[in-house]
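What follows is a short report on a single structure.
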Amino acid sequence: MSKPTTGDFTKTAGWMDWYAGPAQPRFVLPAGAVDAHCHVFGPGAEFPYASERKYTPCDASKAQLFALRDHLGFDRNVIVQATCHGADNRAMVDACVASGGRARGVATVKRSISDAELQALHAAGVRGVRFNFVKRLVDFTPKDELLEIAHRIKPMGWHVVIYFEAVDLPELWDFFTTLPTTVVVDHMGRPDVSKPLDGPEFELFVKFMREHSNVWSKVSCPERLSVTGPKALQGEALAYRDVVPFARRIVENFPDRVLWGTDWPHPNLKDHMPDDGLLVDFIPHIAVTPELQQKLLVTNPMRLYWPESC
Ligand code: 0GY
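Quick note on numbering: the sequence shown equals residues 196 to 505 in this note's numbering.
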């Protein structure tokens, strides 16, 4: 793959670029697999980063994303609007349109968006909006504004993607449970995997999914959640092994409501940049049978993003 460039913007100090030489995964993805969480960044010279952004990344273009898709063996992508583009969805939309129907999008929108603009996003392939509650990434948006947006996108068959940290779930519970659409949680609600699997924090997340059949979860981002990190233990060839029981529990309890994605180009990592090929090799450790893998990688994302093809 071509190497990351900086474009017209100066990257945030210490920014880690995505890894340009991913391994060929050993795990062979099922036919029609969907990378259901990834982003495009710019390129900044063509699609400028938003003035309200909290970080400036390296560029990560649609061509580079599609090259990764083909290298790893995915068939399709779900491109999630990254906060560095604010509510300017042009880079994501451009990638969806250029994919020839092989990418769907999740947008960030404001209350001021017109119905015609929402319809144009739909025509480009957008099927959801993202509400972000991670304070280092976004400024606060009032909940009544978000609820209004959720009610407007519901008749279009769209869903809401929510991103939050596990410690904030109790405070956000009432809001999340009033959302009228399917609700997709990014990265299992970011559990602290150094805490017990059956401790109160993760139990609350499991309860959230168990009691609300409209809630789905991405079992993604072991590289973000892991404390043990990417290094395999001697004799144990498994990176991010501390995340496995958390993801496996969600996959096995809610096999029809889970999604998986690379999270390429991996914004804001501070410690290491994962090899996306090795991330794919993580999948069979959390979805351990061909049936679970088929649901996670094909059936579920197709049902949510390409229902007309199912
Ligand atoms: C992710 C995670 C992060 C960033 C964003 O849109 C974004 O900027 O989602 C993060 O920094 O944890 O899912 O890409």
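Beta carbons: idealized from backbone N, C-alpha and C, even for Gly.
First and last residue of the uninterrupted beta strand (DSSP E) at residue i
i: Cys291; result: That residue, Cys291, is in no beta strand (DSSP E); its alpha helix (DSSP H) goes 285-293.
i: Ala277; result: First-last for Ala277: undefined, no H or E at that position.
i: Val475; result: Segment 471-481 is the alpha helix (DSSP H) holding Val475; no beta strand (DSSP E) there.
i: Ala302; result: 298-302
i: Ala262; result: Ala262 -> not in any beta strand (DSSP E); alpha helix (DSSP H) instead, spanning 257-267.
i: Asp230; result: 229-233
Own chain residues within Cβ distance below 7 Å of residue i, not counting five before or after
i: Asn327; result: Thr278, Val333, Tyr358
i: Phe204; result: Gly239, Tyr244, Thr251
i: Asp387; result: Ala361, Glu396
i: Val422; result: Val388, Ser389, Asp437
i: Asn463; result: Tyr250
i: Leu392; result: Pro440, Phe441, Arg444
i: Val235; result: Ala255, Ser256, Lys257, Leu260, Ile274, Ala286, Met287, Ala290
i: Glu343; result: Arg306
Residue i to residue j span [Cα, whole Å]
i: Lys330; j: Arg385; result: 13 Å
i: Ser412; j: Met383; result: 6 Å
i: Val292; j: Pro375; result: 28 Å
i: Glu406; j: Trp368; result: 12 Å
i: Leu364; j: Phe400; result: 8 Å
i: Val493; j: Gly227; result: 6 Å
i: Val475; j: Tyr500; result: 21 Å
i: Glu447; j: His232; result: 20 Å
i: Ile445; j: Val414; result: 7 Å
i: Thr377; j: His280; result: 24 Å
i: Thr372; j: Lys338; result: 12 Å
i: Ala208; j: Tyr214; result: 18 Å
i: Ala319; j: Val288; result: 6 Å
i: Glu366; j: Phe403; result: 13 Å
i: Val356; j: Gly237; result: 22 Å
i: Phe335; j: Leu267; result: 36 Å
i: Phe242; j: Ala282; result: 12 Å
i: Asn495; j: Leu313; result: 24 Å
i: Phe449; j: Val380; result: 13 Å
Contacts around residue i, its chain only, beta-carbon distance under 6 Å, and the 5 residues preceding and following it disregarded
i: Leu491; result: Val453, Trp455, Ala482
i: Asp458; result: His232, Ser415, Cys416
i: Asp212; result: Pro199, Cys253
i: Pro469; result: Glu418
i: Lys349; result: Pro375, Thr376
i: Trp353; result: Arg322, Gly323
i: Leu341; result: Phe326
Heavy atom of ligand 1 within 6 Å of residue i beta-carbon
i: Leu341; result: no
i: Asp458; result: yes
i: Val345; result: The identity of residue 345 in the sequence shown is Ala, whereas the question assumes Val. Outside the cutoff, so no.
i: Thr278; result: yes
i: Asn409; result: no
i: Pro462; result: yes
Close-in-space but distant-in-sequence residues of the same chain around residue i (CB under 8 Å, 5 per side omitted)
i: Asn284; result: Gln276, Gly300, Ala302, Thr303, Val304, Leu316, Val321
i: Pro479; result: Phe222, Gln488
i: Tyr435; result: Pro417, Glu418, Leu420, Ser421, Thr423, Gly424, Pro425, Phe477
i: Met497; result: Gly227, Val229, Ser504, Cys505
Endpoints, alpha helix (DSSP H) assigned at residue i
i: Tyr500; result: 495-500
i: Ile357; result: Where Ile357 is concerned, there is no enclosing alpha helix (DSSP H), although the beta strand (DSSP E) it sits in stretches over 354-358.
i: Lys451; result: Reading off the sequence, residue 451 comes out as Asp, not Lys. No alpha helix (DSSP H) contains Asp451, which DSSP labels as neither H nor E.
i: His407; result: First-last for His407: undefined, no H or E at that position.
i: Arg325; result: That residue, Arg325, is in no alpha helix (DSSP H); its beta strand (DSSP E) goes 321-327.
i: His382; result: Taken as a continuous stretch (DSSP letters only), His382 belongs to no alpha helix (DSSP H), as it is neither H nor E.
i: His346; result: 338-348
i: Arg419; result: 417-420
i: Leu489; result: What sits at residue 489 in the sequence shown is Gln, not Leu. It spans 485-489 - the alpha helix (DSSP H) in which Gln489 sits, taken as one unbroken run.
i: Glu366; result: 364-371
Residue burial classification, residue i (beta-carbon count within 10 angstroms, cutoff 16)
i: Asp230; result: buried
i: His346; result: exposed
i: Pro485; result: exposed
i: Ser246; result: exposed
i: Gly216; result: exposed
i: Lys426; result: exposed
i: Ser307; result: exposed
i: Pro502; result: exposed
i: Lys465; result: exposed
i: Gly295; result: exposed
i: Gly472; result: buried
i: Ala298; result: buried
i: Asp265; result: exposed
i: Asp310; result: exposed
Residue i beta carbon near ligand 3 (any heavy atom closer than 6 Å)
i: Leu332; result: Ligand 3 is absent from the structure shown, which contains only ligand 1.
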